[in-house]
Amino acid sequence: MPKYTIVVIDDNKADADSLVQHLKEIDDVGHIEVFYDGVQGAKYLLKNKPDVLFLDIEMPNISGLELYTLLPEKERPALVLVSVHTEFALDGFKLAAVDYLLKPAKYADVTNSFLRCLKVMNVSVNIYTQYELEYYLFEVKNGYSKIVHFKNIIYITSADNYVDIVTRDETITARITIGRIEKIMPKSYFVRIHRGFIVNFRFAVKVKKSTLILSEGPETELPISKSRKINISGYDKLE
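As numbered in this note's numbering, residues 834 to 1072 make up the sequence shown, in order.
This is the structure:
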């Protein structure tokens, strides 16, 4: 599946960098160019055509709306406008903006905007479109609770009514069933490969017969059950 090129233009560096970080979490996003100055961004766009443009509206020297109208119509990328205000939404949609994001943009909103852009481009992708949790408050076995960010989890293995959550830094034993975790996990990058294992596929390297090879972790080879093989089809990171 091809990777899609993105340009982000926003004079607020913190907002722009946050948006870029969310975009990097989307597997189908390829190269990202970011500009903190509208004029410099316009110069780039007049010579290059990305697939998708995330564009701040209120900027010094040139507004996002003015910038977009400078581009030849046939060379305009799919447009997502970004702003702290809602009053520019109508003007944006007059320019055929695909979506309108309010700052601060969250991962789920950015992903949905990206999907809408691909739909306009007549591209079909397999990205989980519902809201996904970024972290969860787990009840740890020895009596306290701990916030764990899903992106740091390598895999989860079950032990009766407990699970061992293996992260890049530690292994946490939590009072929760693996079935419950399967319901709340981010389905865009977590997959249950076995009755006893859920894996973060961002750490997956390849499949050897019925074994999944991981790039890191205390166990780097995990079993894939026959009934779960359908779950891993389509992951282009795997051989």
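Don't be surprised by glycine CBs; every beta carbon is placed ideally from N, CA and C.
- In whole angstroms, what is the alpha-carbon distance linking Arg1001 and Leu1055? Distance between the alpha carbons of Arg1001 and Leu1055: 16 Å.
- Between Phe1030, Asn881, Asn894, Ala930, which lies nearest to Glu908 when the distance is taken from Cα to Cα? Of Phe1030, Asn881, Asn894, Ala930, the residue nearest in Cα terms is Asn881.
- Task: For the region 982–1041, list the alpha helix (DSSP H) runs that are entirely contained and at least 4 residues long, ordered along the chain.
- Result: Counting whole runs of 4 or more residues, the region 982–1041 contains the alpha helix (DSSP H) stretches 1011–1017.
- Task: Name the one or two DSSP bridge partners that Ile1057 has.
- Result: Answer is none; Ile1057 lacks a bridge partner.
- Is the Cβ-Cβ distance between Val872 and Val853 less than 9 Å? Contact annotation: Val872 and Val853 have beta-carbon atoms that are not nearer than 9 Å.
- Start-to-end residues for the beta strand (DSSP E) that takes in Leu904: No beta strand (DSSP E) holds Leu904; DSSP gives it neither H nor E.
- Query: Hey, Val996 and Ile987: beta-carbon distance below 9 Å or not?
  - Reply: No; because the gap between Cβ atoms is not below 9 Å, this pair is not in contact.
- Message: In this structure, how does DSSP classify Glu908 when only helix, strand and coil are distinguished?
- Response: Helix, per DSSP.
- Message: Relative to the C-alpha of Ile839, which candidate in Leu1047, Ser946, Phe1036 has its C-alpha closest?
- Response: The shortest C-alpha separation from Ile839 is found at Ser946.
- Query: In the structure shown, what three-state DSSP assignment does His855 receive?
  - Reply: Secondary structure at His855: helix, using DSSP grouped into helix, strand and coil.
- Per DSSP, which residues does Lys979 bridge with? Please list them. As DSSP reads the structure, Lys979 sits in a beta bridge with Phe971.
- Query: How long is the line joining the alpha carbons of Arg1035 and His855, rounded to whole angstroms?
  - Reply: The C-alpha of Arg1035 lies about 15 Å from the C-alpha of His855.
- Task: Pull up the distance between the alpha-carbon of Glu1015 and that of Glu967, whole angstroms please.
- Result: Between Glu1015 and Glu967, the C-alpha separation is close to 14 Å.
- Item | Burial state of Arg1025, where buried means 16 or more other Cβ atoms lie within 10 Å | Burial call: buried.
- Please report the residue range of the alpha helix (DSSP H) in which Leu794 lies. Beyond the ends of the chain as shown, which are 834 and 1072, falls residue 794; an answer cannot be given.
- Query: Which of the three DSSP states, helix, strand or coil, is assigned to Ser916?
  - Reply: Assigned with DSSP and collapsed to three states, Ser916 falls in strand.
- Message: Please report the distance separating the alpha-carbon of Ala847 from that of Ile865.
- Response: Cα atoms of Ala847 and Ile865: separation of roughly 16 Å, rounded to the nearest angstrom.
- Query: Hey, how far is the Cα of Asp993 from the Cα of Lys984?
  - Reply: CA-CA distance, Asp993 to Lys984, rounds to 24 Å.
- Task: To the nearest angstrom, report how far apart Ser916 and Ile890 are at their CA atoms.
- Result: Each residue's Cα considered, the two are about 6 Å apart.
- Item | Residue range of the alpha helix (DSSP H) that includes Asp942 | For Asp942, the enclosing alpha helix (DSSP H) starts and ends at 940–953.
- Message: Relative to the C-alpha of Arg849, which candidate in Asn1033, Ala911, Pro893, Pro937 has its C-alpha closest?
- Response: Per the sequence presented here, residue 849 reads as Ala, with Arg not at that position. When each option's Cα is compared against that of Ala849, the closest is Pro937.
- Cβ-Cβ separation, Gly874 to Lys836 (assumed contact under 8 Å), whole Å: Wrong, their Cβ atoms sit about 21 Å apart, outside the cutoff.
- Message: Could you tell me the alpha carbon to alpha carbon distance between Ile895 and Lys876, rounded to whole angstroms?
- Response: Taking the straight line joining both Cα atoms gives about 12 Å.
- Could you pull out every residue in the same chain whose Cβ sits closer than 6 Å to the Cβ of Cys950, ignoring the five residues on either side in sequence? Closer than 6 Å at the Cβ level, and outside the excluded window around Cys950, lie Val885, Ala911, Val931.
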